[in-house]
Amino acid sequence: MSRDKVVATAAEAVADVTAGSSVAVGGFGLAGIPWVLVEALLEQGADDLTVVSNNCGVDGAGLGLLLERRRISRVVASYVGENKEFARQYLSGELTVELTPQGTLAERLRAGGAGIGAFYTPTGVGTLVAEGGLPWRHHPDGTVAVASPPKEVRSFHGREMVLEESIVTDVALVRAAVADRAGNCVFHAAARNFNPAAAMAGRLTVVEAERVVEAGGIGPDEVHLPGVFVQRVVPLTPEQAARKGVEQRTTRGERPGAGEEARRALDP
């Protein structure tokens, strides 16, 4: 019989996250981020966190809330995104940031969960990613305080590749559309971005699920993340499950007269 991994509240699920922990967080921008777990961690109070995520939320939302409260000391991400506070803290020397190519970051997380210590990839060869010198931390005057070290480069099948270390974190926070009580998960559409990889990388993985079903309620071929990678499942309320967000909304304005043309086409 499978172990029931459901816990009652998000606060209970993150209660034992300690100061100085490394935390992998799923999502891309605001798509598929674990809104409830991030806010529970904010209320819990752990600080000096190292966050591994595609980006660090936006001002006033997601991981941006932890940044604003100075709970994060280091970020491993692929881009700064729309977060002005993230950029300010990085450039002023308040935050250490390891920028990593997006596909490399996803593979570093997946490899960590798969037990692979490191791997070679052509991405970054011939750039500061491989040669070193990327600013990780600045002095307050804007000069570089800590720069990335050079990485090993080898040739495979006639192509140069750089060695990248995998990532394993103390904790992973992710959001799923459906989870069963054994921790098997299904992600919906764009939310199946960094969530599976982040979940695999965590020693302790907590999933907030929009819907929780009994063990066996998800078909084996439908599982995106096996429950072996998950330790805790938090059921969301309907209101929490409905909470979604986008960084920017772009729409195309209607061409003048298009409405009248459409009406004539329907009723000539």
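Counting from 1, position 108 in the sequence shown corresponds to residue 460 in my numbering; the numbering is continuous, with no gaps.
All C-beta atoms, glycine included, are put in the ideal place defined by N, C-alpha and C.
Since this is a predicted model, take the numbers as computed values, not measurements.
DSSP three-state call for aspartate 573: helix, strand or coil? Walking along the sequence shown from the start, residue 573 turns up at place 221. If DSSP states are grouped into helix, strand and coil, aspartate 573 belongs with the helices.
DSSP on phenylalanine 508, reduced to helix/strand/coil? Counted from its first residue, the sequence shown places residue 508 at position 156. Strand, per DSSP.
Which residues bound the alpha helix (DSSP H) around alanine 542? Position 190 of the sequence shown holds residue 542. Unbroken run through alanine 542: none, as it is neither H nor E.
Proximal residues to tyrosine 472 (C-beta, below 8 Å), its chain only, five neighbours per side dropped: As a position in the sequence shown, residue 472 is number 120, starting the count at 1. Arg506, Phe508, Met513, Val514, Leu515, Glu516, listed in sequence order.
Flag this pair as touching only if the segment 582-594 and the segment 421-430 have three or more C-beta atom pairs under 8 Å; answer yes or no. no
State the DSSP-derived secondary structure class of valine 432, mapped to helix, strand or coil. For the purposes of this step, residue 432 is taken as the residue at position 80 of the sequence shown. Correct three-state label for valine 432: coil.
For valine 481, name the three-state secondary structure that DSSP assigns. On the sequence shown, residue 481 is found 129 positions in, with the first residue counted as 1. Helix at valine 481.
Distance, alanine 367 Cα to glycine 379 Cα: Here residue 379 is taken as the residue at index 27 of the sequence shown, counted from 1. Here residue 367 is taken as the residue at index 15 of the sequence shown, counted from 1. Rounded to the nearest angstrom, the two C-alpha atoms are 22 Å apart.
Using alpha carbons as the reference points, say which of Asn406, Thr475, Val559 lies closest to glutamine 583. Counting from one through the sequence shown, the residue named residue 583 turns up at place 231. Measuring from the Cα of glutamine 583, the nearest candidate turns out to be Val559.
Could you give the DSSP three-state label for valine 582: helix, strand or coil? For the purposes of this step, residue 582 is taken as the residue at position 230 of the sequence shown. Residue state, collapsed to three classes: coil.
Cβ-Cβ distance between asparagine 547 and proline 578 below 8 Å: Locating residue 547 in the sequence shown gives position 195, where the first residue counts as 1. Locating residue 578 in the sequence shown gives position 226, where the first residue counts as 1. Taking 8 Å as the Cβ cut-off, asparagine 547 and proline 578 do not qualify as a contacting pair.
Counting beta carbon pairs with one atom in the segment 496-504 and one in the segment 518-531, are three or more of them shorter than 8 Å? no
Does DSSP put proline 587 in a helix, in a strand, or in coil? Indexing the sequence shown from 1 puts residue 587 at position 235. Strand.
Should valine 580 be labelled buried (16 or more other beta-carbon atoms within 10 Å of its own) or exposed? On the sequence shown, position 228 is the one that residue 580 refers to. Answer is exposed; the Cβ neighbour count stays below 16.
Determine whether the beta carbon atoms of aspartate 522 and isoleucine 570 lie at a separation below 8 Å. Start at 1 with the first residue of the sequence shown, and residue 522 comes out as number 170. Start at 1 with the first residue of the sequence shown, and residue 570 comes out as number 218. The answer is no: Cβ separation not under 8 Å.
Give the DSSP-derived three-state secondary structure of valine 598 in the structure shown. The residue given as residue 598 occupies position 246 in the sequence shown. Correct three-state label for valine 598: coil.
Answer yes or no: do alanine 529 and alanine 543 have a C-beta to C-beta separation smaller than 8 Å? Locating residue 529 in the sequence shown gives position 177, counting from the first residue. Locating residue 543 in the sequence shown gives position 191, counting from the first residue. A contact, by the Cβ cut-off of 8 Å.
Neighbour-count burial assignment, lysine 357, 16 or more Cβ in a 10 Å radius: Counting from one through the sequence shown, the residue named residue 357 turns up at place 5. When all chains shown are included, lysine 357 counts as buried.
Leucine 447 by DSSP, collapsed to three states: which one? Here the question's residue 447 lines up with position 95 in the sequence shown. Three-state result, leucine 447: coil.
Please state the DSSP three-state secondary structure of leucine 415. For this step, residue 415 is matched to residue 63 along the sequence shown. Helix, per DSSP.
Check arginine 440 in the structure and name its three-state DSSP category. Here residue 440 is taken as the residue at index 88 of the sequence shown, counted from 1. Helix at arginine 440.
Are glutamate 450 and tryptophan 488 close, meaning C-beta to C-beta below 8 Å? Position 98 of the sequence shown, counted from the start, is the residue given in the question as residue 450. Position 136 of the sequence shown, counted from the start, is the residue given in the question as residue 488. For glutamate 450 and tryptophan 488, yes; Cβs fall inside 8 Å.
Tell me the start and end of each unbroken beta strand (DSSP E) in the segment 376-424 that is at least 3 residues and wholly inside, in chain order. 401-404
Do asparagine 435 and valine 403 have their beta-carbon atoms positioned less than 8 Å apart in this structure? Locating residue 403 in the sequence shown gives position 51, where the first residue counts as 1. Locating residue 435 in the sequence shown gives position 83, where the first residue counts as 1. Not in contact: valine 403 and asparagine 435 (Cβ atoms no closer than 8 Å).
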